[in-house]
Amino acid sequence: MIIGEEKGAFELAILVTGGAGYIGSHTVLELRQAGEEVVVVDNLVKGHREAVRDVPFYEVDIRERAKIIAILKDHHVDTVVHFAASSLVGESMVDPLKYYEDNVAATATLLQALVEANVKQCIFSSTAATYGEPIETPITEEHPTVPTNPYGETKLAIEKMLEWSYQAYGLKSIRLRYFNAAGAHPDLAIGEDHEPETHLIPIILQVPLQKRDHVMIYGDDYATPDGSCLRDYIHVMDLASAHRLAVKRVREEGIGSEVYNLGNGKGFSVKEVIEAARVVTGHPIPAKVGDRRQGDPAVLVASSQLAKEKLGWQPQYNDLQTIISDAWRFHQDHPHGYTK
Ligand code: UDP
């Protein structure tokens with residue numbers, strides 16, 4: 095977006111916090127490809143410097159308020175896409191105060207910087223974990239929000255912080271609730287690299303990579319067709335395109351604080367995902383059935399009707415095998431992650 099007279103005109107930029115992380119790095123590329131000016135801040139606690147290319151990068155924590163204000167002003171930022179967070183459900187159960195600090199307190203500081211720098215638009219990386227145990231499926235944005243873990247609780251607290259910030263400071267926001275992010279960029283060498291890894295698809299792919307000898311299915315006595323949990327897997331490129339569309343929408347007049355689910359609307363069981371990975375990799379991928387994982391709902395499937403209507407979003411990669419084969423390509427090229 096170009097602002098000003100021809101002489102001295104400058105491009106308004108988008109600041110992506112956590113832009114070196116999994117979904118953040120794919121979103122940065124998507125925004126760049128759409129011709130946007132992008133600047134990234136990431137404290138690199140979990141993010142990977144190698145995942146960010148060709149855009150200004152600052153190794154800064156979002157709690158460093160003065161530095162964030164300077165970046166917002168220097169780069170003429172009008173919109174912030176906020177990913178920076180701690181995001182491990184299990185860790186949040188063991189150390190909830192870390193999640194209140196890293197997510198709630200840190201975002202309060204970030205939003206203070208936005209208000210001080212007169213930034214009026216924010217896209218927020220939220221989660222299906224804000225809903226908790228579903229009482230009906232597919233889940234719409236109207237579904238009650240009763241998180242069952244501190245991770246979801248802190249993301250919901252930030253959502254509310256954003257709603258109040260619109261009322262008080264006119265800070266507009268779009269909150270995006272992702273279901274199960276998966277896959278990797280189909281052409282470029284970026285993808286999912288978590289330490290420790292807890293997500294199903296990368297864990298399955300560790301078997302053909304000879305990093306583990308089997309997958310553990312966390313329970314097959316759920317009330318689902320094959321007894322294992324159903325999840326709505328959404329390609330990271332589709333999440334990235336939703337952020338691009340959300341940036342466009344939040345810049346429009348008349349937007350306040352909105353929330354959208356992002357999923358494919360179709361559930362796949364753990365057993366189906368393992369089977370699809372066997373087809374993609376050509377490896378037998380042995381699986382064993384273990385105990386249920388605490389806090390796992392049987393079924394989590396999104397209704398993304400609202401995002402389709404209001405953002406004009408249409409997922410392009412809704413085939414499970416495509417999602418897994420994009421992830422597989424990245425993991426084959428990076429069997430030990432980015433740097434190792
Ligand atoms: N899961 C599993 N074995 C694993 C990891 C995950 O059976 O080693 C299951 C998990 O119980 C859930 C689904 O796979 O039903 C997706 O889990 P993931 O951690 O990827 O995402 P979540 O749904 O927890 O956000």
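Residues in the sequence shown are numbered from 95 upward in steps of one, following the working numbering.
Here a beta-carbon is modelled for each residue, glycine too, at the ideal position from N, C-alpha and C.
Note that the structure is a prediction, hence the values are computed from the model and not measured.
Local conformation of residue i per DSSP, three classes
i: Arg147; result: coil
i: Phe218; result: strand
i: Asp172; result: strand
i: Thr111; result: strand
i: Gly431; result: coil
i: His329; result: strand
i: Leu265; result: coil
i: Arg126; result: helix
i: Ala223; result: helix
Through-space distance from residue j to residue i, alpha-carbon basis
i: Val374; j: Lys305; result: 18 Å
i: Leu339; j: Leu270; result: 11 Å
i: Ala164; j: His377; result: 51 Å
i: Lys404; j: Leu205; result: 25 Å
i: Pro429; j: Lys249; result: 31 Å
i: Thr201; j: Pro190; result: 16 Å
i: Asp314; j: Ser322; result: 4 Å
i: Tyr312; j: Pro319; result: 15 Å
i: Val133; j: Ala283; result: 20 Å
i: Phe177; j: Ala223; result: 15 Å
i: Asp49; j: Cys216; result: Past the edges of the chain, shown from 95 to 434, lies residue 49, and the structure says nothing about it.
Closest by C-alpha distance to residue i, when choosing among the options
i: Gly118; options: Glu130, Phe104 and His142; result: His142
i: Glu185; options: Ala251, Ala336, Thr201 and Pro244; result: Pro244
i: Ser397; options: Gly359, Ala370, Asp390 and Ser335; result: Gly359
i: Tyr432; options: Asp307, Leu333 and His288; result: His288
i: Ile160; options: Val146, Val209, Glu130 and Ser322; result: The residue asked about is misnamed: residue 160 is Ala in this sequence, not Ile. Among Val146, Val209, Glu130 and Ser322, the Cα nearest to that of Ala160 belongs to Val209.
i: Lys167; options: Leu299, Leu182 and Glu105; result: Glu105
i: Gly406; options: Asp332, Asp390, Tyr327 and Arg386; result: Asp332
i: His170; options: Glu352, Leu109, Leu414 and Arg325; result: Leu109
Counted within 10 angstroms of its Cβ, other Cβ atoms place residue i as buried (16 or more) or exposed
i: Phe424; result: buried
i: His120; result: buried
i: Gly357; result: buried
Assumed close pair residue i, residue j - CB separation to whole angstroms, cut-off 8 Å
i: Thr234; j: Val341; result: Between Val341 and Thr234 the Cβ distance is about 23 Å, and since that is not below 8 Å, they are no contact.
i: Val344; j: Ser267; result: 7 Å
i: Ala278; j: Gly285; result: 3 Å
i: Asp145; j: Ala107; result: One detail in the question is off: residue 145 reads as Ala in this sequence, not Asp. Ala145 to Ala107, Cβ: 19 Å. No contact.
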